[in-house]
RNA sequence: GACUCCGUAGCUCAGCUGGAUAGAGCGCUCGCCUUCUAAGCGAGUGGUCGCAGGUUCAAAUCCUGCCGGGGUCACCA
């Protein structure tokens, strides 16, 4: 059974078509005047304009046809041509049961699913993740879950930053510390030890050390550049070290991502496509797309229609090296040739500040025919700011590490849980710690996701971890309370049964449940998770109102009790399904 | 300078493919636990939708200009 809104839209659309008007005018949505209607259709006014007719007249004819529909209780014309619809209690009851029994909790698959690669994360090897990586991780992972849920075939890739000057810095700095390592013997041909010569702590120390030296000393910087060139040329010892650096880093990265419930299908990096670069460059040259300029090879990607300046793609720099334009292009080629099934769309969840970079890369990819330019999408997002409106910094002015942020969030959640003192007495320390962790993750993920992706937001841990207001913890509380009611009822031998909606609070709750599918599809279409967040928050609110207004498990009438338990179970199902898409897990008790 | 994003309640933000008295959370003021988790619910308070024009029966929403803020603009990714 499709959503009520969809059924009504189809009916209204058919009515418009029968009048020789476009079906799209029949779009029916939740009424923004609950005291007047359950649903509304505004299409008559737009249709009247297009057809040169009287809007109220058209609305009247549509309303008359809709009155005959099985779901419809009443259809009235109001104002200049609004059609206000009420649906029957029976229709709402059936809808609630359908949601409860539906594997997608009332959602529906996308009409045209696609094969998509999702590029997000983008952490650098050897550099600890910081607060700036939070958004890409959380937004990317949520899109991954959402798209898969809606039927798309998604392959996610963390796209490690594991190629470039930083690797040169690491190699040379390590050589200075431990010159005797076998990796630095150019004459040695292997095999190399399986055990890494460095730990993640070593990497975290070596990189900044080298970076500082290189900035002050040009010769030191040159050494790193040279090491990179040799690595790119295939020097075995350096490649073996690179492998160790990546493996050691990935282990640490997985811990950070794991805390946030973020996962990837692929852990590939820039270094994995290095071998494709020479051929790619040659093809650009052969196609006449690349030209030499100031000793570099560039690709012009400007179009006549451009209103802005469009700098060229830097294919090969004047020192003969390649940068991230080229590795990104090589990555596109790799995905188009190595992945099965072959992707038909590629999404990049990366900071909005990279918008120009991606536009350049997409154009170049289109020019060479790697993939149609329109199939490449940059999903940009704003920065995480401090209360001063500037990118978030620690009190000391440094960049906040993601691991520290997580620790802070857990500490804050623990503090609030302890202060409230609401956890069950019999809950042991292990379960308490688990609850605190889930609250912290819910707080971090929800507060990030509920903001419109594109804008910056102010990071306020105290607010995010609050159980009051539009927060992750509030949603967890609501979900846990539903579960608690259902569990208690089951213990008393009361089971959910047939739904028979009668009360206003019940009607409002089912109408909210009905909007899940539209919220999911809207979030997918716009790549905007906050649309789903809004829906789930409203659902939690509607349930809380329902819970406050009517007895559920404690309702004495058996039929009403069974009906309300079924409603509660439908809410639990949709809430848990939706929160799971946000990467938020609900504890059994809290 | 060009391009781009943003400017909505005291604060943090939704709404923006035009539609009814502009919504939410926080804050503040009231009220509600001898029935299911009050980490909750209900009621109230609070807005010249940056400014000025334009299009339209209808503009927070579309167009133009201006003001204010963030961001980006070829060899670091």
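Residue numbers (the working numbering): 604 to 1193.
By construction, the Cβ of each residue, glycine as well, lies at the ideal position given by its N, Cα and C atoms.
* Asked: Does the distance from the C-beta atom of residue 712 to that of residue 776 stay below 9 angstroms?
  -> Not closer than 9 angstroms, so no.
* To do: Please state if the CB of residue 953 and the CB of residue 725 are separated by a distance shorter than 9 angstroms.
  => By the CB criterion at 9 angstroms, residue 725 and residue 953 fall inside the cutoff.
* Asked: Are the CB atoms of residue 877 and residue 828 nearer to each other than 9 angstroms?
  -> In this structure, residue 877 lies away from residue 828, with their beta-carbon atoms at least 9 angstroms apart.
* Could you work out which residue in 619, 694, 794 and 1135 is closest to residue 1049 when comparing CA atoms only? => Looking at the Cα atoms, 1135 is the closest of the given residues.
* Candidates 645, 703, 854 and 1039, of which the one nearest residue 799 by Cα -> Residue 799 has its Cα closest to that of 854, out of 645, 703, 854 and 1039.
* Residue closest to residue 1141, alpha-carbon to alpha-carbon, out of 1117, 1130 and 1058 -> Here the closest residue by C-alpha is 1117.
* Best match in 997, 1081 and 1132 for proximity to residue 1144 [C-alpha to C-alpha] -> When 997, 1081 and 1132 are compared, the shortest CA-CA separation from residue 1144 is found for 1081.
* Asked: With respect to the beta strand (DSSP E) encompassing residue 903, which residues constitute its N-terminal and C-terminal limits?
  -> Per DSSP, residue 903 lies in no beta strand (DSSP E) segment and is marked neither H nor E.
* Does the beta-carbon distance from residue 1120 to residue 751 come in below 9 angstroms? -> No.
* Three-pair Cβ contact test at 8 angstroms for the segment 732–743 versus the segment 625–633 -> Not touching, per the Cβ criterion.
* Asked: Hey, residue 742 and residue 984 are a contact pair by Cβ (cut 8 angstroms); roughly how many whole angstroms apart?
  -> Indeed, because the Cβ distance is near 6 angstroms, the residues count as touching under 8 angstroms.
* Where does residue 701 sit, in a helix, a strand or coil, going by DSSP? -> In the three-state reduction of the DSSP assignment, residue 701 falls in the helix class.
* To do: Would you identify the three-state DSSP class for residue 1257, choosing helix, strand or coil?
  => Since the first residue of the chain shown is 604 and the last is 1193, residue 1257 is not available in this structure.
* Mind checking which residues open and close the alpha helix (DSSP H) that includes residue 753? => Boundaries cannot be given for residue 753, as no alpha helix (DSSP H) includes it and DSSP labels it neither H nor E.
* Residue from 859, 691, 684 and 873 with nearest C-alpha to residue 1106 -> That would be 691, whose Cα lies nearest to the Cα of residue 1106.
* To do: Please work out which residues of its chain come closer than 6 angstroms, Cβ to Cβ, to residue 1152, disregarding the five sequence neighbours upstream and downstream, and give them in chain order.
  => Contacts found: 1108.
* Asked: Measuring CB to CB, does residue 721 end up less than 9 angstroms from residue 950?
  -> It is a contact, given that the beta carbons lie within the stated cut-off.
* CA-to-CA distance, residue 1087 to residue 1190, given in whole angstroms -> Looking at the two C-alpha atoms, the distance is approximately 11 angstroms.
* Asked: Should residue 921 be labelled buried (16 or more other beta-carbon atoms within 10 Å of its own) or exposed?
  -> Its Cβ having fewer than 16 others within 10 Å, residue 921 is exposed.
* Asked: Can you tell which of 760, 1150, 770 and 648 has the C-alpha that lies nearest to the C-alpha of residue 830?
  -> For the residues 760, 1150, 770 and 648, the minimum Cα distance to residue 830 belongs to 770.
* So which of 980, 1037 and 840 has the shortest CA-CA distance to residue 1129? -> Cα-wise, what sits closest to residue 1129 is 980.
* So what's residue 1060 in DSSP terms, helix, strand or just coil? -> In the structure shown, residue 1060 falls within a strand segment according to DSSP collapsed to helix, strand and coil.
* **Length of the line joining the Cα atoms of residue 1040 and residue 1016** => Cα-Cα distance, rounded: 8 angstroms.
* Asked: In three-state terms, what does DSSP make of residue 867?
  -> When DSSP states are grouped into helix, strand and coil, residue 867 belongs to the coil group.
* Asked: Start and end of the beta strand (DSSP E) containing residue 721?
  -> Where residue 721 is concerned, the enclosing beta strand (DSSP E) stretches over 718–723.
* To do: Less than 8 angstroms between the CB atoms is what I'm expecting for residue 995 and residue 989, so what's the real figure, rounded?
  => Rounded to the nearest angstrom, the Cβ distance from residue 995 to residue 989 is 5 angstroms, consistent with a contact under 8 angstroms.
* To do: Report yes or no: do the segment 794–811 and the segment 862–879 share at least 3 C-beta pairs separated by less than 8 angstroms?
  => The answer is no - the segment 862–879 does not touch the segment 794–811, with fewer than three Cβ pairs under 8 angstroms.
* Closest Cα partner of residue 1090 within the set 1162, 1172, 1123 and 1057 -> Nearest of 1162, 1172, 1123 and 1057 to residue 1090, Cα basis: 1172.
* To do: Give a yes or no on contact between the segment 679–694 and the segment 1157–1169, applying the rule of three or more CB pairs nearer than 8 angstroms.
  => By the Cβ rule, the segment 679–694 does not count as touching the segment 1157–1169, because fewer than three pairs are nearer than 8 angstroms.
* To do: Identify which residue in 810, 826, 675 and 818 has its Cα closest to the Cα of residue 615.
  => Of the listed residues, the one whose Cα sits closest to residue 615 is 675.
* Starting from residue 1095, trace the beta strand (DSSP E) both ways and give me its first and last residue. => From DSSP, residue 1095 is part of no beta strand (DSSP E); its letter is neither H nor E.
* Where residue 909 falls, given that 16 or more other Cβ within 10 Å makes a residue buried -> The residue is exposed, with fewer than 16 neighbouring Cβ atoms inside 10 Å.
* Rounded C-beta distance between residue 1006 and residue 1068? I'm assuming under 8 angstroms. -> In fact, because the Cβ distance is near 17 angstroms, the residues do not count as touching under 8 angstroms.
* To do: Leaving out five residues on either side along the sequence, give the residues of the same chain with a beta carbon under 8 angstroms from the beta carbon of residue 804.
  => Within the same chain, and ignoring the five residues on either side of residue 804 in sequence, no residue has its Cβ closer than 8 angstroms to its Cβ.
* Asked: Taking buried to mean at least 16 other C-beta atoms within 10 Å of its own C-beta, is residue 657 buried or exposed?
  -> That one is exposed.
* State yes or no: is the C-beta of residue 848 within less than 9 angstroms of the C-beta of residue 761? => 9 angstroms or more divides the Cβ of residue 848 from the Cβ of residue 761.
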